[in-house]
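Engineer: Sequential numbering from -13 applies to the sequence shown in this note's numbering. Where is the CB? At the ideal position from N, CA and C, for every residue including glycine.
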Amino acid sequence: VNFDRFMGHTKNIVKDLRKPVLMTQGANDRLVKPASTIDLFGAIGHPDKTLILLGDGEHLIFEKGCFNDVLLDGISAWMTAHSK
-13 VNFDRFMGHT KNIVKDLRKP VLMTQGANDR LVKPASTIDL FGAIGHPDKT
37 LILLGDGEHL IFEKGCFNDV LLDGISAWMT AHSK
């Protein structure tokens, strides 16, 4: 229940973001539902936003042994595009 409240509150805040946003989500995440992340992503007010959705990723996609080349390539490309 508290997590749902947190997500609802966060959804209201992201409407006012004025910076580029990169979000990542594992499609097999059983803690944070991918649909909730996609909904939150849609609420972001800044037009420059990117979502990397990993089809085989779970919740801890940045833990040793869990990340993969798709994630690393996506983050690297986003950083390169936003470092100019």
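Would you tell me roughly how many angstroms separate the C-alpha atoms of Asp55 and Ile47, rounded to the nearest one?
Structural biologist: 11 angstroms
Engineer: Determine whether the beta carbon atoms of Asp15 and His45 lie at a separation below 8 angstroms.
Structural biologist: His45 sits close to Asp15, with the two beta carbons spaced by under 8 angstroms.
Engineer: Looking at the secondary structure, which residues open and close the alpha helix (DSSP H) in which Gly28 lies?
Structural biologist: Start and end: 20 to 29.
Engineer: Round the Cβ separation of Ala13 and Gly41 to the nearest angstrom and send it over; I've been treating them as touching at under 8 angstroms.
Structural biologist: 5 angstroms
Engineer: Could you check what DSSP says for Val7 in three-state terms: helix, strand or coil?
Structural biologist: Correct three-state label for Val7: strand.
Engineer: Would you kindly report the start and end of the unbroken beta strand (DSSP E) that includes Ile38?
Structural biologist: 35 to 40
Engineer: Could you check whether Lys35 and Val7 sit closer than 8 angstroms to each other, using their CB atoms as the reference points?
Structural biologist: yes
Engineer: What three-state label does DSSP hand Gly12 in the structure shown?
Structural biologist: strand
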